[in-house]
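Enquirer: Just dropping this structure here.
In our numbering, the protein residues as written are 5 to 590.
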């Protein structure tokens, strides 16, 4: 071992090592200059391009614009930068002049080059200062009034530039488009029956993107009766047209005023058909989101779930999908369907949703193979956010399915599927307040189901976690649900000792000071349940009785009784009679 170290040290100090170092450095420098030379060669034609754009005739300018576009295309394939930033800066004003040209071919090519160069906010701001959006909308309007034959190739270039502007400028740019009558212009183009598929896709794409920033845009569009134009597009054989049409319908469904119109126009039936027939993830996602929003109307909800029997394909295509986006959309649909009626809760169970929902709870750490874009942009953080989002939605869905469990038996079926350990595990690891509340509600719904469920909760060790949360939270909803959960748990005498030991009874009784009447009532029921459900361990109950009196709760009970009348007052008097039989009645 020592001889190896000695030989290695000798090598480091030798001339051979120094020569290796010099050669390595030389290779590195050579590679750098080779790359630079290649880079210079790539940009050697830039001055010629600039000169032609500035001084050339129409034919030369057109040829140069086509060469620039070809160069952009080739460099994209090779993953190289096609032009130096200086070229883009110097050419920008020239391109804007050409874009304003009367020659539509030149103008549309300049628009396409501009759309390739608008890769950041700097160029977008420049375009705005040169009234680029106003000029662009004006150019697109010309296609509506022109007596010439519609050249859709030119229109496509303008629509591509419009989309690039809105994508980069976002709300600011969309506002400029709205102010310059751009939405109405796009709507009028949709009415043109001569539009080819590529034009239709770009018009719909622009409209849906604008709707992201201004939710009133669907109302503007409906003044042009766009719904009747978009509805037939949902049956198109072109998936991109269906994708963006369904996305626009989704924007419509955001507006309560338009939901009825969607139903009256027969769009709901078309959306249902897409759920059954499509295998395109984005179409399924858009469609299920639209239907979810439409189900806020009870009548439409019954139509969707019962008459059209949509729940089985939602389970098969969305909940069972490998895509977490589709899982999320499916969960949202199931949650809203369950919320709308008790019969839907039973229907969802009978269609086999429960095992799939439980499998989604275990999907939290799996990667989503379908979402390559997420892996490229955002990586692990995007994956974690998606996992968390899906987990939150799955828990919200399960919570809704366990509400009113006495009328559905859903808790019983979920217990048979051994869901409780997973729910407890999620609760112990949970850091989100909203998810905590939903998990507490689920645990509460289990606690009021059977004695077996209450004992399972007691044995899981979750009571100490629930107690810590009750002692630390200031959230009224969370406090109310925790107190009611404790009251339910105290129905079973087996739980009494454990809840006393972890401080749960004391934490529950502190809630008697709450200004929320439901929380107060929950604490009173919990106190009553202790003495209504005693077992034979009289020594423990004597000790507990002394402990309760030491908490000085009698004055609190008297005060609450004085503030109430009728049944509530009688209820408190009954508790006082048990706790302190020698105290006079109120």
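A virtual CB, placed ideally from N, CA and C, is assigned to each residue, including glycine.
Anyone know if the C-beta pair for residue 365 and residue 426 falls short of 7 angstroms?
Expert: As a working mapping, residue 365 is identified with position 361 in the chain shown. As a working mapping, residue 426 is identified with position 422 in the chain shown. Yes, the pair counts as a contact, with Cβ atoms nearer than the cut-off.
Enquirer: Going straight from the alpha carbon of residue 59 to that of residue 254, what length do you get?
Expert: Against the chain shown, residue 59 aligns to sequence position 55. Against the chain shown, residue 254 aligns to sequence position 250. Taking the straight line joining both Cα atoms gives about 49 angstroms.
Enquirer: What's the gap between the Cα of residue 385 and the Cα of residue 343?
Expert: Locating residue 385 in the chain shown gives position 381, counting from the first residue. Locating residue 343 in the chain shown gives position 339, counting from the first residue. So the alpha carbons of these two residues sit roughly 32 angstroms apart.
Enquirer: Please name the residue in 465, 270, 485 whose C-alpha comes closest to that of residue 474.
Expert: Along the chain shown, read from residue 1 onward, the residue named residue 474 stands at position 470. Measuring from the Cα of residue 474, the nearest candidate turns out to be 485.
Enquirer: Are the CB atoms of residue 169 and residue 224 nearer to each other than 7 angstroms?
Expert: As a first step, residue 169 must be located in the chain shown, where it is residue number 165. As a first step, residue 224 must be located in the chain shown, where it is residue number 220. In this structure, residue 224 does not lie closer than 7 angstroms to residue 169 by Cβ.
Enquirer: What are the start and end residues of the alpha helix (DSSP H) that includes residue 256?
Expert: Numbered from 1 along the chain shown, position 252 holds the residue referred to as residue 256. Counting along the chain, the alpha helix (DSSP H) containing residue 256 begins and ends at 243-257.
Enquirer: Taking its Cβ as the centre, do 16 or more other Cβ atoms sit within 10 Å of residue 185, making it buried, or is it exposed?
Expert: Here residue 185 corresponds to residue number 181 of the chain shown, with the count starting at 1. Residue 185 should be labelled exposed.
Enquirer: Let me know the alpha helix (DSSP H) ranges lying completely inside the region 299-366, each 4 residues or longer, listed in chain order.
Expert: Fully enclosed alpha helix (DSSP H) runs of 4 or longer: 302-306, 328-344, 346-354, 357-365.
Enquirer: Out of 163, 220, 499, 157, state which residue places its alpha-carbon closest to the alpha-carbon of residue 175.
Expert: Locating residue 175 in the chain shown gives position 171, where the first residue counts as 1. With distances taken between Cα atoms, residue 175 lies closest to 220.
Enquirer: What residue ranges within the region 127-168 form continuous alpha helix (DSSP H) runs of no fewer than 4 residues, ordered along the chain?
Expert: Counting whole runs of 4 or more residues, the region 127-168 contains the alpha helix (DSSP H) stretches 136-149.
Enquirer: May I ask you to report which of helix, strand or coil DSSP gives residue 500?
Expert: Translated into the one-based positions of the chain shown, residue 500 becomes position 496. In the structure shown, residue 500 sits in a helix (DSSP, three-state: H, G or I).
Enquirer: Roughly how many angstroms lie between the CA atoms of residue 357 and residue 297, to the nearest whole one?
Expert: As a first step, residue 357 is located in the chain shown; it is residue number 353 there, counting from the start. As a first step, residue 297 is located in the chain shown; it is residue number 293 there, counting from the start. When rounded, the distance between both Cα atoms is 20 angstroms.
Enquirer: In whole angstroms, give me the CA-to-CA distance for residue 77 and residue 84.
Expert: For the purposes of this step, residue 77 is taken as the residue at position 73 of the chain shown. For the purposes of this step, residue 84 is taken as the residue at position 80 of the chain shown. The straight-line gap from Cα to Cα measures roughly 10 angstroms.
Enquirer: Have a look at residue 315 and residue 138 and give me their C-alpha separation to the nearest angstrom.
Expert: Residue mapping note: residue 315 aligns to position 311 of the chain shown, counting from 1. Residue mapping note: residue 138 aligns to position 134 of the chain shown, counting from 1. Between residue 315 and residue 138, the C-alpha separation is close to 47 angstroms.
Enquirer: Using the Cα positions of residue 472 and residue 401, report the straight-line distance between them to the nearest angstrom.
Expert: By one-based count along the chain shown, residue 472 stands at place 468. By one-based count along the chain shown, residue 401 stands at place 397. Each residue's alpha carbon lies about 26 angstroms from the other.
Enquirer: Select from 479, 201, 574 the residue whose C-alpha is nearest the C-alpha of residue 523.
Expert: Working through the chain shown from its first residue, we reach residue 523 at position 519. Nearest option by C-alpha distance: 479.
Enquirer: Apart from the five residues just before and just after residue 568, which ones in its own chain have a Cβ nearer than 8 angstroms to its Cβ?
Expert: Here the question's residue 568 lines up with position 564 in the chain shown. Cβ within range, chain order: 576.
Enquirer: Per DSSP, what kind of secondary structure is residue 184 in: helix, strand or coil?
Expert: Numbered from 1 along the chain shown, position 180 holds the residue referred to as residue 184. Here residue 184 sits in coil by DSSP.
Enquirer: Does the separation of the CB atoms of residue 167 and residue 159 fall below 7 angstroms?
Expert: By 1-based counting over the chain shown, the position of residue 167 is 163. By 1-based counting over the chain shown, the position of residue 159 is 155. Not closer than 7 angstroms, so no.
Enquirer: Does the count of Cβ pairs from the region 435-444 and the region 459-468 closer than 8 angstroms reach three?
Expert: Touching, no.
Enquirer: At which residues does the alpha helix (DSSP H) containing residue 549 begin and terminate?
Expert: One-based indexing of the chain shown puts residue 549 at position 545. Taken as a continuous stretch (DSSP letters only), the alpha helix (DSSP H) holding residue 549 covers 542-554.
Enquirer: Mind checking whether residue 294 and residue 275 have CB atoms under 7 angstroms apart?
Expert: As a first step, residue 294 is located in the chain shown; it is residue number 290 there, counting from the start. As a first step, residue 275 is located in the chain shown; it is residue number 271 there, counting from the start. Yes. Within cutoff.
Enquirer: Could you say which of 443, 246, 414, 477 lies nearest to residue 397 if we only look at CA atoms?
Expert: Within the chain shown, the letter at position 393 stands for residue 397. Nearest C-alpha to residue 397: 443.
Enquirer: Consider the Cβ of residue 103: report whether some Cβ of chain C lies at a distance smaller than 7 angstroms.
Expert: You won't find chain C in this structure, because it holds only one protein chain.
Enquirer: Please determine, among 318, 140, 349, 262, the residue with the shortest C-alpha to C-alpha distance to residue 335.
Expert: Translated into positions along the chain shown, residue 335 becomes position 331. Answer by Cα proximity: 318.
Enquirer: Determine the direct distance from the alpha carbon of residue 208 to that of residue 183, and round the result to whole angstroms.
Expert: In the chain shown, residue 183 corresponds to position 179, counting from 1. In the chain shown, residue 208 corresponds to position 204, counting from 1. Looking at the two C-alpha atoms, the distance is approximately 19 angstroms.
Enquirer: Tell whether a beta-carbon distance below 7 angstroms holds between residue 445 and residue 494.
Expert: As a first step, residue 445 must be located in the chain shown, where it is residue number 441. As a first step, residue 494 must be located in the chain shown, where it is residue number 490. Result no, Cβ atoms of residue 445 and residue 494 do not sit closer than 7 angstroms.
Enquirer: Rounded to whole angstroms, what's the CA-CA distance from residue 121 to residue 249? Just pull it up for me.
Expert: As a first step, residue 121 must be located in the chain shown, where it is residue number 117. As a first step, residue 249 must be located in the chain shown, where it is residue number 245. If I take the Cα positions, the gap works out to 28 angstroms.
Enquirer: To which residues of the same chain is residue 102 closer than 6 angstroms at the C-beta, ignoring the five residues directly before and after it?
Expert: As a working mapping, residue 102 is identified with position 98 in the chain shown. Within the same chain, residue 102 has close Cβ partners 110, 114.
Enquirer: What alpha helix (DSSP H) runs, 4 residues minimum, are completely inside the region 47-119?
Expert: The region 47-119 contains these whole alpha helix (DSSP H) runs: 50-59, 62-82, 89-103.
Enquirer: If I measure Cβ to Cβ from residue 44 and keep anything under 8 angstroms in the same chain, skipping five residues before and after, which residues do I get?
Expert: As a first step, residue 44 is located in the chain shown; it is residue number 40 there, counting from the start. For residue 44, the pLDDT reaches just 41, beneath the cut-off of 50, and the residue's location in the model is therefore unreliable, leaving the point undetermined.
Enquirer: Quick one, which of 204, 156, 157, 215 has its alpha-carbon nearest residue 181's?
Expert: Taking the first residue of the chain shown as position 1, residue 181 is located at position 177. Comparing Cα positions, the closest option is 215.
Enquirer: Considering only their Cβ atoms, is the gap separating residue 451 from residue 492 smaller than 7 angstroms?
Expert: Position 488 of the chain shown, counted from the start, is the residue given in the question as residue 492. Position 447 of the chain shown, counted from the start, is the residue given in the question as residue 451. Result yes, Cβ atoms of residue 492 and residue 451 sit closer than 7 angstroms.
Enquirer: What would DSSP say about residue 191, mapped onto helix, strand or coil?
Expert: What you label residue 191 is simply residue 187 of the chain shown in a count that begins at 1. Helix at residue 191.
Enquirer: If we ignore side chains and look at the alpha-carbon of each, how far apart do residue 549 and residue 511 end up?
Expert: Within the chain shown, residue 549 is the residue found at index 545, counting from 1. Within the chain shown, residue 511 is the residue found at index 507, counting from 1. Roughly 16 angstroms separates the two Cα atoms.
Enquirer: Which same chain residues, not among the five before or five after residue 145, have their C-beta less than 6 angstroms away from its C-beta?
Expert: By one-based count along the chain shown, residue 145 stands at place 141. Around residue 145: 189.
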